[in-house]
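Chemist: Okay, here's the structure, questions in a sec.
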Amino acid sequence: MKWESASQFFAMGGHGLYVWGSYAVALIAVVVEVALVRTRFRRALAAAPAPETGRDD
Amino acid sequence: MGSVDAFKALVRRDLLLAMRRRADVLTTLIFFVIVVSLFPLGVGPELETLREIAPGVVWVAALLASMLALGRLFSSDYADGTLEQMVLAPQPLGLLVGAKIVAHWLVSGLPLVLIAPVLGIQYDMSWEALGILMLSLAIGTPVLGLIGAVGAALTLGLRGGGVLVSLLVLPLYIPVLIFGAGAVDAAATGTGAGAHLSLLGAFLAVSLFFAPWAAALGLRISLE
Amino acid sequence: MAKLNWFYFAAPNTFYPLAGKMIPWFTAAALGLAAIGLYIGFFVAPTDFQQGEGYRIIFVHVPTAWMSMFLYVVMAFWAAIGLAFNTRLSSMMAQAIAPTGALMTFLALWTGSLWGKPMWGAWWVWDARLTSELILLFLYIGFMALQASIDDPRRADRAGAVLAIVGVINVPIIYFSVQWWNTLHQGASVSITRSPSMATTMLWGMLVMALAFWMYSIAVVLVRVRAIILERERNTDWVRDLKARGAAK
């Protein structure tokens with residue numbers, strides 16, 4: 717293992733802010749995109765007319 | 078009517094229409110002059126700085142001016158139904174669109190080329206740089222018109238079309254900006270503008286070939 | 082036979098259940114590859130002798146930058162197919178890819194900026210790659226803005242396709258001109274991927290992470306394309322049958 721302690725791992729040789737700032741934003745972006753796209757899918761499914769009420773054409 | 082005759086007739090008609098609405102032509106030109114004149118007020122009057130930023134400022138102003146002029150390219154013909162006639166005409170639509178772009182450049186691009194040296198003098202540019210500025214604008218502004226025609230065709234009749242067209246077209250203008258301003262820069266620093274100008278010429282050739290066709294396709298989509 | 086399958090799945094109603102079946106696989110692949118990639122990136126790859134530990138940003142920067150460019154080409158490809166063959170599904174694919182592509186571009190810019198601060202001493206440097214990424218973001222935004230402002234979906238598809246094709250022809254020209262402009266103005270010489278001592282494990286980490294982002298993009302695009310299919314085809318019989326069977330999941 718190349719890291720001697722957890723604090724050394726999080727410090728990233730003094731570049732911790734930049735490294736973790738990158739990974740955190742990437743993670744947030746991915747989580748938000750997944751949440752948005754799933755909400756959109758569920759809304760689209762709910763908005764489709766149900767078979768009992770929708771047969772009016 | 079043959080294709081060449083139709084081309085000539087359409088250019089003549091658009092020029093005539095533009096002559097009747099001279100104020101429109103002047104607005105673009107005055108916008109160009111005002112934008113370029115604003116920079117010294119924002120940056121400061123030191124001639125050293127001004128000489129350095131001059132090519133970029135004039136070129137960015139030319140980009141904005143030709144983008145603003147795009148709204149006039151198809152809108153009046155769209156409003157009075159002439160455009161639908163053009164789509165149905167026996168001549169190839171790409172050719173007719175090309176004629177409209179040529180006429181549009183003559184009334185909105187050429188004046189920019191002609192007034193640019195006056196603006197360059199405000200920035201204390203050398204005679205040689207002024208010559209290259211005019212030359213680069215003369216090659217570059219038709220490319221702006223050609224690329225812009227595609228954007229104008231696609232946004233025809235959309236709400237907020239004016240802002241939208243700037244969003245679509247400005248990123249595509251960047252290579253022209255880089256090599257246009259770069260040519261003047263190279264002339265001013267004495268490294269020779271030949272390479273820049275030949276690349277601008279290459280852009281012109283490529284866009285002359287593709288843009289009228291793409292704009293014609295865009296018009297067909299928008300008029301469907 | 083392959084041809085037959087292609088046309089079979091080119092219809093939204095047959096593609097919809099297929100996409101639903103594929104999504105869990107791509108999600109699992111993305112998660113697994115990301116775990117392996119991050120392990121390589123943080124525990125196997127050595128410290129860079131020039132850039133210290135700060136270089137570990139490349140395991141997210143380079144994959145997102147690759148994906149941002151790759152997705153633009155894929156988007157333009159599907160848009161062009163939709164324009165040429167009038168296939169609804171390909172246009173929907175193009176529409177579904179755009180937001181993910183824009184997100185990848187944003188991430189490449191964000192991580193590039195965070196990498197640049199310790200290396201160049203500035204949050205933003207007009208480096209050729211960063212500048213090209215910025216212009217790519219503008220192209221994605223233009224594509225989405227054009228589609229959003231057209232109400233008729235068929236016109237939106239076709240107009241977006243023309244714009245995407247013009248854009249994809251322009252991308253290499255833009256990249257080349259920005260490169261030229263950058264060398265002319267003596268741009269920053271340090272590059273995130275041009276370290277002479279790039280260890281093989283670093284390269285592996287980058288490749289695995291790129292695969293993870295690729296699988297992620299496919300999964301999320303498939304979910305979005307399913308949503309778009311439902312939005313556009315909500316009044317068709319097959320969507321009604323789907324709801325009746327309750328097999329929508």
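Residue numbers (the numbering used here), protein chains in the order written: chain A, 717 to 773; chain B, 78 to 301; chain C, 82 to 330.
Every residue gets a Cβ at the ideal spot worked out from N, C-alpha and C, and that includes glycine.
This structure is a prediction, so every number in the text was calculated from the model and none was measured.
Runs of 4 residues minimum, wholly inside the region 232–301 of chain B: which ones carry the alpha helix (DSSP H) assignment?
Modeler: For the region 232–301 of chain B, whole alpha helix (DSSP H) runs of length 4 or above, ordered along the chain, are 238–266, 271–300.
Chemist: Return the residues of the region 280–300 of chain C that lie within a Cβ-Cβ distance of less than 8 Å from chain A, sorted by chain order.
Modeler: Per Cβ criterion, the list reads Y297.
Chemist: By the 10 Å Cβ neighbour count, where 16 or more other Cβ atoms means buried, how is I111/B classified, buried or exposed?
Modeler: I111/B comes out exposed.
Chemist: Identify the contact partners of T198/C in chain A, using a Cβ-Cβ distance below 8 Å as the criterion.
Modeler: According to the sequence provided, residue 198/C is Lys. The question's Thr does not apply to it. Within 8 Å Cβ-Cβ: Y734.
Chemist: Could you list which residues in chain C have their beta carbon closer than 9 Å to that of V227/B, in chain order?
Modeler: Going along chain C in sequence order, the residues near V227/B (Cβ under 9 Å) are V243, L244, V247.
Chemist: CA-CA distance, L272/B and L223/B?
Modeler: Correcting the residue type first, residue 272/B is Ala in the shown sequence and not Leu. Spanning the two alpha carbons is a distance of roughly 22 Å.
Chemist: Hey, out of L244/C, T317/C, V302/C, whose CA is closest to M27/C's CA?
Modeler: Past the edges of chain C, shown from 82 to 330, lies residue 27/C, and the structure says nothing about it.
Chemist: Assuming contact is defined by CB atoms lying nearer than 7 Å, are T105/B and A142/B in contact in what I supplied?
Modeler: Going by C-beta atoms, T105/B is nearer than 7 Å to A142/B.
Chemist: Pick from P252/B, A264/B, E161/B: whose alpha carbon is nearest that of F280/B?
Modeler: Of the candidates P252/B, A264/B, E161/B, the one whose C-alpha sits nearest the C-alpha of F280/B is P252/B.
Chemist: Under 7 Å between the Cβ atoms of S284/B and V220/B?
Modeler: Contact flag set, yes.
Chemist: Could you check whether L164/C and A91/C sit closer than 7 Å to each other, using their CB atoms as the reference points?
Modeler: The answer is no: Cβ separation not under 7 Å.
Chemist: Could you list the residues in the region 214–245 of chain C with a C-beta less than 7 Å from some C-beta on chain B, going in chain order?
Modeler: Hits within the stretch, in order: I216, F219, L220, I222, G223, A226, L227, S230, I231, R236, R239, A240, V243, L244.
Chemist: Pull up the distance between the alpha-carbon of A722/A and that of S230/C, whole angstroms please.
Modeler: About 50 Å.
Chemist: How about A269/C: is its C-beta nearer than 7 Å to some C-beta of chain A?
Modeler: Unreliable positioning characterises A269/C in this predicted model, as indicated by a pLDDT of 48, which lies under 50. A coordinate reading is not provided.
Chemist: From Q724/A to L115/B, what distance separates their C-alpha atoms?
Modeler: For Q724/A and L115/B, the distance between alpha carbons rounds to 53 Å.
Chemist: Just to confirm before moving on: does the CB-CB distance between R305/C and A111/C stay below 7 Å?
Modeler: No. Outside cutoff.
Chemist: Could you name the residues of the same chain whose beta carbon sits closer than 8 Å to that of V102/B, not counting the 5 residues immediately before and after it, in chain order?
Modeler: Hits under 8 Å: A95, V184, S185, P188.
Chemist: Rounded to whole angstroms, what's the CA-CA distance from A270/B to I255/B? Just pull it up for me.
Modeler: Whole-angstrom Cα-Cα distance: 12 Å.
Chemist: Tell me which residues of the region 749–766 of chain A have at least one Cβ-Cβ distance to chain D shorter than 7 Å, keeping chain order.
Modeler: In summary, chain D is missing from the structure at hand, where the protein chains are A, B and C.
Chemist: Which residues share a DSSP beta bridge with D129/C?
Modeler: Answer is G133/C, bridged to D129/C.
Chemist: Quick check on the DSSP output: the alpha helix (DSSP H) that includes A142/B runs from which residue to which?
Modeler: Run containing A142/B: 124–146, per the alpha helix (DSSP H) assignment.
Chemist: Measuring straight from C-alpha to C-alpha, what distance separates L245/B and L244/C?
Modeler: Approximately 8 Å, taken between the alpha carbons.
Chemist: Pick out whichever of A258/B, A291/B, L160/B has its Cα sitting closest to the Cα of L277/B.
Modeler: With distances taken between Cα atoms, L277/B lies closest to A258/B.
Chemist: Rounding to the nearest angstrom, what Cα-Cα distance links N316/C and A764/A in this structure?
Modeler: Near 7 Å, if we compare the C-alpha coordinates of A764/A and N316/C.
Chemist: Taking Cβ-Cβ distances shorter than 8 Å, what residues in chain C pair up with G222/B?
Modeler: Those within 8 Å of G222/B in chain C number zero; the least Cβ separation is about 15 Å.
Chemist: Which of the three DSSP states, helix, strand or coil, is assigned to R315/C?
Modeler: Note: R315/C maps to coil in three-state DSSP.
Chemist: Give the straight-line distance between the Cα atoms of Y136/C and G730/A, rounded to the nearest whole angstrom.
Modeler: Straight-line Cα distance between these residues: approximately 12 Å.
Chemist: Between P194/B, A229/B, W204/B, R98/B, which has its C-alpha nearest A215/B's C-alpha?
Modeler: Of P194/B, A229/B, W204/B, R98/B, the residue nearest in Cα terms is P194/B.
Chemist: Can a CB atom of chain A be found closer than 7 Å to the CB of G101/C?
Modeler: G101/C does not count as touching chain A.
Chemist: For the alpha helix (DSSP H) that contains R90/B, what are its first and last residues?
Modeler: Here the alpha helix (DSSP H) through R90/B covers 80–97.
Chemist: Between the Cα of R236/C and those of L114/C, N167/C, L195/C, spot the shortest distance and give me the residue it belongs to.
Modeler: The shortest C-alpha separation from R236/C is found at N167/C.
Chemist: Would T218/B be called buried (16 or more neighbouring beta carbons within 10 Å of its own) or exposed?
Modeler: Buried, by the Cβ-count rule.
Chemist: With contact counted as at least three CB pairs below 8 Å, one residue from each stretch, are the region 96–104 of chain C and the region 205–212 of chain B in contact?
Modeler: No, the region 96–104 of chain C is not in contact with the region 205–212 of chain B.
Chemist: For G241/C, name the three-state secondary structure that DSSP assigns.
Modeler: Here G241/C sits in helix by DSSP.
Chemist: Using the rule of at least 16 other Cβ atoms within 10 Å of the residue's Cβ for burial, across every protein chain shown, is M163/B buried or exposed?
Modeler: So M163/B counts as buried.
Chemist: By the criterion of Cβ-Cβ separation under 8 Å, what are the contact partners of A291/B in chain C?
Modeler: The answer, in chain order, is V243, I246, V247.
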